[in-house]
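See below for the structure under consideration.
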Amino acid sequence: MKKIVVVIALLCAVFTAASAEPIAGRMWENLNFTVLCSPDLAFTVMPGHRWEFANNTASTADTYFEELFVGPTWTFKLSDSLKIKLPIWYYYMGFPTKSSGAYPFSHNLEILPIVEYKLAPALMLSSRSIFHNTFFASINGSSSNGGFGWSTLLREMVLVNYSLDASLTVFAGDELFVGLLTDANCAGVYGPGFSPSGIDENRIIAGFTYKISPELSITPQYIYSTTYLASAGVGNAANGSPKLSAHNFYLTVTYLFKAF
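Sequential numbering of the sequence shown, starting at 440, is according to the working numbering.
Written out as structure tokens, the structure reads:
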């Protein structure tokens with residue numbers, strides 16, 4: 440009970456410290472269905488949904504984002520301590536807009552190498568680098584290129600993972616979003632459009648994974664996100680200052696099907 444009280448107090452302190460900035464409260468859900476084709480190859484289908492339940496700058500957006508990941512993951516075990524994973528996934532992003540009824544969307548290619556290094560039997564350091572490549576954005580459909588183009592955004596996440604037992608692992612870390620390559624023919628708007636250049640967002644992450652069975656697990660997370668670019672659509676400050684901070688509660692349910 441004391442630990443729960445401490446966690447709640449810390450969250451309240453973070454909320455109070457950030458209250459001068461625009462604040463939103465959001466819930467994210469993903470269902471991860473992965474087929475293990477061999478010890479080195481898996482195939483994932485993962486739909487997701489996000490909704491907003493609080494916003495101190497405007498009316499809540501309700502459902503504001505829908506997504507779908509589809510693709511293979513290759514695993515390379517280099518030693519007992521070092522493992523590299525290489526997912527290459529198609530990524531659909533849809534943005535329902537309650538105020539206007541519009542539904543902008545984008546098609547993307549995700550290349551996300553993951554490095555996992557065991558520092559001790561129960562302690563692991565992991566690095567995930569998502570190269571988020573947008574090749575079609577519906578909001579640019581009236582442009583001369585018909586909505587097609589190319590931009591690349593890097594999402595660099597570092598996590599520390601600690602296994603309390605065979606079923607429960609806790610983790611914490613940080614993820615930084617940086618626009619690397621923009622499309623000169625299209626205005627940069629992360630998500631519905633092509634990524635702008637510069638630091639877009641930062642996420643502070645804490646959560647745990649609980650294995651209900653060898654096949655089924657749940658991963659609840661708390662993510663404190665801060666968006667910096669004007670593409671956030673909030674505030675008038677120049678790029679580099681916070682535009683929107685959000686308290687995100689994220690739940691992933693994973694089912695693994697072994698096909699070999």
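We put the beta carbon where it would ideally sit given N, CA and C, even for glycine.
Since this is a predicted model, take the numbers as computed values, not measurements.
field: Residue range of the beta strand (DSSP E) that includes Lys524
entry: Leu521 to Gly533
Check your understanding: Measuring CB to CB, does Ala576 end up less than 9 angstroms from Phe633?
Key -> yes
Query raised in the report: Is Phe544 near the ligand PLP, going by C-beta to nearest heavy atom under 8 angstroms?
Result: This structure lacks the ligand PLP, and indeed carries no ligand of any kind.
Please list the segments of the beta strand (DSSP E) lying wholly inside the stretch 540-568, counting only runs of 3 or more residues, in order along the chain.
Complete beta strand (DSSP E) runs here, min 3: 544-550 and 553-559.
Which whole-angstrom value describes the C-beta separation of Ser477 and Phe696, a residue pair presumed to lie in contact below a C-beta threshold of 8 angstroms? Not a contact, Cβ separation roughly 13 angstroms.
Starting from the Cα of Thr658, find the closest Cα among Ala645, Arg489, Phe587 and Arg567 and give me that residue.
Ala645
Apart from the five residues on each side of it in sequence, which residues of its chain come closer than 8 angstroms, Cβ to Cβ, to Trp589?
Asn572, Thr573, Phe574, Leu620, Asp622 and Phe633
Inter-residue Cα distance where the pair is Asn584 and Phe544: 16 angstroms
Query raised in the report: Are the beta-carbon atoms belonging to Glu491 and Thr499 less than 9 angstroms from one another?
Result: yes
**Prompt:** Which class does Ser602 belong to by DSSP, given the choice of helix, strand or coil?
**Reply:** strand
How big is the Cα-Cα spacing for Arg489 and Leu521?
If I take the Cα positions, the gap works out to 34 angstroms.
Sequence-distant residues of its chain with Cβ nearer than 8 angstroms to Gly580 (five each side left out): Apart from sequence neighbours up to five positions away, the residues of its chain that approach Gly580 with a beta-carbon distance below 8 angstroms are Gly586, ordered along the chain.
(message) Less than 9 angstroms between the beta carbons of Tyr531 and Leu551, yes or no?
(response) no
Query raised in the report: What three-state label does DSSP hand Asn584 in the structure shown?
Result: Assigned with DSSP and collapsed to three states, Asn584 falls in coil, not helix or strand.
| request: Report the rounded CA-to-CA distance for Tyr689 versus Phe610, giving the unit in angstroms. | output: 14 angstroms
Which one of Lys682, Gly630 and Lys516 has the shortest CA to CA distance from Phe504?
Gly630
Fill in: Counted within 10 angstroms of its Cβ, other Cβ atoms place Thr512 as buried (16 or more) or exposed
buried
query: So what does Thr591 bridge to, in DSSP terms?
result: Asn572 and Leu620
### Message
So, with DSSP's three-state summary, where would you put Asn579?
### Response
helix
Where DSSP assigns a beta bridge to Asp501, which residues make up the other side? Glu491
Practice prompt. Can you tell me which of the three DSSP states Leu517 falls into?
Written response: coil
Task: Between the CA atoms of Val554 and Asn495 - distance to the nearest angstrom - done: 38 angstroms
**Study point:** Opposing strand residues paired with Pro635 [DSSP bridges]
**Key:** Answer by DSSP bridge pairing: none, since Pro635 is not bridged.
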